[in-house]
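A.B. asks: In our numbering, the protein residues as written are 26 to 225. For each residue, glycine too, the CB sits at the ideal point set by N, CA and C. Below is a structure I'd like to ask you about.
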Amino acid sequence: MRIIGVTGGVGSGKSEVLNYIQKHFDARVVRADEVGHMLMMPGRACYEPVISLFGEWVVNEDTSINRTMIGDIVFENPELLKKLDDIIHPEVKKYIKKEIEVSRKEETEFFFIEAAILLEEKYDEICDEVWYIYCEKEVRIERLRHARGYSDEKIRKLMANQLSDDEFEARCDFQLYNDEDVAHTYLQIERKMRTYYESM
């Protein structure tokens, strides 16, 4: 089984790439953000530690954690964000490692890990290869404005907290350009996946 990490700046289109891969190949796709959300649910590993960090007031009436509220808090408080990350990220990584072993036993051909901070959290150490989804900054800004409704200030802060294009390029094995039409994106995926099958 080949393990591939997928990363890139916010708004670069990582989900679009992985949705295509999931649909067209024998691939398991795990998104670190979704795992983190799941681990914050009642009874899961991060639920109590997160409440201890922020207090009971971030708990909704249905006992779930108000992730929107927490997101707003840590967006303005880097120190709290670091503490939250220290709770979430080790548990996410532990979960993903277990899922890799499950998929290996099931003889899945490919296991994709998507994480915006894949390199910062050293997921590249457990990957055979890392893809960088590249998209021009202006295109990403437009996507974030229209698709997610983010303010320019929020976009600026998010981008400032991520690696630069040069850093991504230097540390990744394959660069996929996702700032043209989707047909061009899909063509690049097909070509890259074909090289894997040819080397099997």
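Along the chain, where does the beta strand (DSSP E) that runs through V155 open and close?
C.D. replies: From DSSP, the beta strand (DSSP E) with V155 extends over E154 to Y159.
A.B. asks: Let me make sure I understand the geometry here. Which of D204, P103, R173 and E101 has the alpha-carbon closest to that of E163?
C.D. replies: D204
A.B. asks: Less than 9 Å separating the beta-carbons of V12 and M65?
C.D. replies: Outside the shown range of the chain (26 to 225) lies residue 12, about which nothing can therefore be said.
A.B. asks: On a CA-only basis, which of D111, I138, L109 and D110 is nearest K123? Give me that one, please.
C.D. replies: I138
A.B. asks: Expressed to the nearest angstrom, what Euclidean distance is found between the alpha-carbon atoms of E167 and L106?
C.D. replies: 26 Å
A.B. asks: Below 8 Å CB to CB, which residues in the same chain sit around R92 once its five sequence neighbours on both sides are set aside?
C.D. replies: H62 and M65
A.B. asks: Which residues bound the alpha helix (DSSP H) around F135?
C.D. replies: Run containing F135: none in the alpha helix (DSSP H); it sits in the beta strand (DSSP E), F135 to E139.
A.B. asks: Check I121 in the structure and name its three-state DSSP category.
C.D. replies: The DSSP-derived three-state label of I121 is helix.
A.B. asks: Measure the alpha-carbon distance for T32 versus Y157 and round it to whole angstroms.
C.D. replies: 5 Å
A.B. asks: Identify which residue in A208, W82, D153 and L143 has its Cα closest to the Cα of Q187.
C.D. replies: L143
A.B. asks: Do V84 and R165 come within 9 Å of each other at the CB atom, strictly closer than that value?
C.D. replies: no
A.B. asks: E126: which of Y202, H49 and R53 sits nearest, CA to CA?
C.D. replies: Closest option to E126, Cα to Cα, is R53.
A.B. asks: To which residues of the same chain is F50 closer than 8 Å at the C-beta, ignoring the five residues directly before and after it?
C.D. replies: Non-local beta-carbon contacts of F50 in its own chain, meaning distances under 8 Å to residues more than five positions away in sequence, involve E134, F135 and M218 in chain order.
A.B. asks: Taking 9 Å as the cut-off, decide whether the C-beta atoms of C71 and I112 are in contact.
C.D. replies: yes
A.B. asks: Would a C-beta distance cut-off of 9 Å place E194 and R27 closer than the cut-off?
C.D. replies: no
A.B. asks: Kindly identify the DSSP beta-bridge partner or partners of Y202.
C.D. replies: Y159
A.B. asks: In angstroms with no decimal places, state the Cα-to-Cα distance between K118 and E131.
C.D. replies: Within the model, the alpha-carbon separation for K118 versus E131 is close to 20 Å.
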